[in-house]
Amino acid sequence: MTLDLGLYLVLDPGLCRDRGMVETARLAVAGGATIVQLRDKDADTARLIEAGRALRTALAGSGAMLIVNDDVEAALAIGADGVHVGQDDMDPGEVRRRLGPRALLGLSVETVDAAQRVDPVLVDYAGAGPVFATATKPDHKPPVGFAGLAEIVRACPVPVVAIGGLAAGHADAVRASGAMGMAVVSAICGQADPRAAARAMAQAWQAAVAAGG
Ligand SMILES: Cc1ncc(COP(=O)(O)OP(=O)(O)O)c(N)n1
Ligand SMILES: Cc1ncsc1CCOP(=O)(O)O
Ligand SMILES: [Mg+2]
1 MTLDLGLYLV
11 LDPGLCRDRG
21 MVETARLAVA
31 GGATIVQLRD
41 KDADTARLIE
51 AGRALRTALA
61 GSGAMLIVND
71 DVEAALAIGA
81 DGVHVGQDDM
91 DPGEVRRRLG
101 PRALLGLSVE
111 TVDAAQRVDP
121 VLVDYAGAGP
131 VFATATKPDH
141 KPPVGFAGLA
151 EIVRACPVPV
161 VAIGGLAAGH
171 ADAVRASGAM
181 GMAVVSAICG
191 QADPRAAARA
201 MAQAWQAAVA
211 AGG
């Protein structure tokens with residue numbers, strides 16, 4: 001399966017509220033999300049596995065990839081397409097060793113220096129940001145803005161998905177930075193109509209790609 005970072009949904013169970021992560025993901029993928037990340041910072045491995053298996057079943061046949069945040073053991077048990085880790089999580093070499101060669105490995109990069117250190121033999125894509133300050137991740141690093149994002153993209157040897165405070169209206173600027181997609185939490189999770197929200201973002205992204213080449 002080809003990696004399409006275009007519209008990358010990062011789930012947050014709190015923001016999904018009563019609709020839940022599975023239904024939010026299903027609607028977002030119906031609207032055009034290409035990747036779904038299971039991110040539940042309060043869940044232990046057993047709970048992640050339960051949630052991830054339900055997500056995997058719901059997304060089967062949709063073409064969307066399933067990535068698990070932070071937890072390699074859960075990703076393996078779920079049969080997910082990959083794992084996303086940050087600079088302060090597990091070493092990418094160790095993640096790759098435990099994951100095996102086929103699964104995707106995403107790594108967060110918040111600075112040009114971190115982007116330059118990405119090993120493309122181990123890492124498949126980078127999540128760069130936050131572009132803007134966001135309440136979704138209270139412990140985020142300083143925002144990089146679009147100029148900082150462009151510098152990170154230039155320095156990074158793997159495709160970059162931008163994250164942090166993004167909405168449909170940012171598609172042109174994100175694309176102009178050289179990033180290959182937009183990762184979002186609150187622009188989809190907890191929205192009254194996650195499918196419509198995802199569709200608006202996916203269409204904005206596709207229009208930005210078509211306009212910019
Ligand atoms: C696509 C994407 N990019 C960045 C992150 C942030 O990862 P990390 O820095 O490890 O922070 P937590 O998400 O674990 O709080 C991400 N999850 N996804
Ligand atoms: C997980 C993560 N990593 C950097 S910012 C962020 C949260 C992005 O959430 P939102 O799209 O609601 O700003
Ligand atoms: Mg992490």
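For the sequence shown, the residue numbers in UniProt numbering are 1 to 213.
Don't be surprised by glycine CBs; every beta carbon is placed ideally from N, CA and C.
| Asked | Found |
| --- | --- |
| Alpha-carbon to alpha-carbon, Thr34 and Ala167 | 16 Å |
| Burial state of Arg17 (16 or more Cβ within 10 Å) | exposed |
| Contacts around Ile152, its chain only, beta-carbon distance under 7 Å, and the 5 residues preceding and following it disregarded | Val109, Val112, Ala115, Ala128, Val144 and Val160 |
| For Gly164: DSSP bridge partner residues | DSSP output for Gly164 lists no bridge partner at all. |
| Three-state secondary structure (DSSP) of Ala140 | Per the sequence shown, the amino acid found at residue 140 is His instead of Ala. Of the three classes helix, strand and coil, the one that applies to His140 here is coil, per DSSP. |
| Contacting residues, own chain, Cβ-Cβ under 8 Å from Ala187 (five flanking each side not counted) | Leu166, Ala167, Ala168, Ala197 and Met201 |
| Inter-residue CB distance, Val83 and Ala77 (contact presumed, cutoff 8 Å) | Rounded, the Cβ-Cβ distance is 12 Å, inconsistent with contact. |
| Leu48 versus Gly31: straight-line alpha-carbon distance, rounded | 24 Å |
| Host beta strand (DSSP E) of Gln37 (start-end) | Ile35 to Leu38 |
| C-beta atoms of Ala183 and Tyr8 nearer than 7 Å | yes |
| heavy atom of ligand 3 below 6 Å from Gly86 C-beta | yes |
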